[in-house]
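Visitor:
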Amino acid sequence: MQRYLKVLRLFWGAAIAAELEYRINFFIATLSSLGNLAGSLFGLFLFYRTGYTFSGWSWEAALVVLGIFTLLQGFSATFLASNLNRIVRHVQEGTLDFILLKPIRSQFWLSTHTLSPWGLPDIIFGSIIIGYAGKRLGVGIDDYLLGVLPLLFSFVILYSLWFMLGAMSIWFVKIYNATEVLRGLLEAGRYPIAAYPTAYRFFFTFVMPVAFLTTVPAQALLGRSEISWLIGAAILAVALFFASTWFWRFALRFYTSASS
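Take the sequence shown: its position 155, counting from 1, is numbered 155 in full-length UniProt numbering, and each next residue is one higher.
#1: If we require 4 or more residues per run, which alpha helix (DSSP H) segments fall completely within the stretch 13-61?
#2: Can you tell me which of the three DSSP states Leu101 falls into?
#3: Rank Arg224, Ser244 and Leu230 by C-alpha distance to the C-alpha of Trp57 and give the top, closest one.
#4: Check whether the stretch 215-231 and the stretch 149-161 are in contact - that is, three or more C-beta pairs closer than 8 Å.
#5: What ranges does the beta strand (DSSP E) occupy inside the stretch 78-146, keeping only unbroken runs of at least 3 residues that lie completely in it?
#6: Would you mind stating whether Ile123 and Leu71 have Cβ atoms separated by less than 9 Å?
#7: Excluding the five sequence neighbours on either side, which residues of its own chain have a C-beta within less than 8 Å of the C-beta of His65, listed in chain order?
#8: Name the residue from Trp229, Ala234, Leu222 and Arg183 whose alpha carbon lies nearest to the alpha carbon of Ala61.
#9: Taking the alpha helix (DSSP H) that Trp246 belongs to, which residues open and close that run?
#10: Within 10 angstroms of its Cβ, does Phe172 collect 16 or more other Cβ (buried), or is it exposed?
#11: Of the choices Leu230, Ala251 and Gln73, whose alpha-carbon is the least far from that of Leu182?
#12: Touching or not, the stretch 116-133 and the stretch 20-36, by the rule of three or more beta carbon pairs under 8 Å?
#13: Quick one: what does DSSP say Ser257 is sitting in, helix, strand or coil?
#14: Which whole-angstrom value describes the C-beta separation of Met208 and Leu185, a residue pair presumed to lie in contact below a C-beta threshold of 8 Å?
#15: Which residues bound the alpha helix (DSSP H) around Thr205?
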């Protein structure tokens, strides 16, 4: 474990040093995050401006969901996109060979080798929205702590889905379109699951687990979540993580390497 932590510190230290050479990018990323957030808030406002509310979700409660969605966007931009999108390039250029020869797990290397600080604005803005909405709703520190665990499950679920999609590049080199499809489906998480018709709720809960990414953590933070949903989120997160590990090992059986 200590060896992996040391490697992680070296990875991220080098990545941040490299990214800070282009500091104007942080300003551009902040403007982009503000634009996306303004669009999301405007879309949510269109539903609530006439007094309409999603079943059981007030304006402030819906803001909590949007804040968690924004947090996940920041997490994706910081840790996932900067790493997992490169799997395709490693397969194309044959540099995956060198990663497989390193004395650490290849999945760990591919998942943590770099990070992008340009996702931090989304993390900051998402936290601000959650804090503002929580204050309006009288959410206490204990409630925030209760929401941390299902939020961690959300991170694991999102990572596992993205990594398995990246692993498919061993068979299908150009998977950028599939990545965009995944992004599009996950966009549904910006609203509470109650905002969708019954058929869509079923799909976004049991087929594409969008509900477990934003709605379930929001319910836990607001003190509304049932224990069965929290247990379901935990089981799904653990199952998908181990599935991603198994799928990567399975995919490597079909990797012929650049020298073959």
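Each residue gets a CB set at the ideal place from its N, CA and C atoms; glycine is no exception.
Guide: By the coordinates alone:
#1: 24-48
#2: Counting from one through the sequence shown, the residue named residue 101 turns up at place 101. Coil.
#3: Along the sequence shown, read from residue 1 onward, the residue named residue 57 stands at position 57. Ranking Arg224, Ser244 and Leu230 by Cα distance to Trp57 puts Arg224 first.
#4: yes
#5: none
#6: What you label residue 123 is simply residue 123 of the sequence shown in a count that begins at 1. What you label residue 71 is simply residue 71 of the sequence shown in a count that begins at 1. The answer is yes: Cβ separation under 9 Å.
#7: Counted from its first residue, the sequence shown places residue 65 at position 65. Inspection of the sequence shows that residue 65 is occupied by Val rather than by His. For Val65, where only same-chain residues beyond five positions count, the Cβ hits under 8 Å are Trp57, Gly189, Arg190, Tyr191, Pro192, Thr214, Thr215 and Ala218.
#8: Along the sequence shown, one-based indexing puts residue 61 at 61. The candidate whose alpha carbon is nearest that of Ala61 is Leu222.
#9: For the purposes of this step, residue 246 is identified with residue 246 of the sequence shown, where counting begins at 1. Where Trp246 is concerned, the enclosing alpha helix (DSSP H) stretches over Ile227 to Leu252.
#10: Against the sequence shown, residue 172 aligns to sequence position 172. It is exposed - the Cβ of Phe172 has fewer than 16 other Cβ atoms within 10 Å.
#11: Within the sequence shown, the letter at position 182 stands for residue 182. Taking only the C-alpha atoms, the option nearest Leu182 is Gln73.
#12: yes
#13: Here residue 257 is taken as the residue at index 257 of the sequence shown, counted from 1. Ser257 falls in the coil class under three-state DSSP.
#14: Locating residue 208 in the sequence shown gives position 208, counting from the first residue. Locating residue 185 in the sequence shown gives position 185, counting from the first residue. The Cβ separation is near 5 Å, so the contact holds.
#15: Counting from 1 along the sequence shown, the entry for residue 205 is found at position 205. It is not in any alpha helix (DSSP H) - Thr205 carries neither H nor E in the DSSP assignment.
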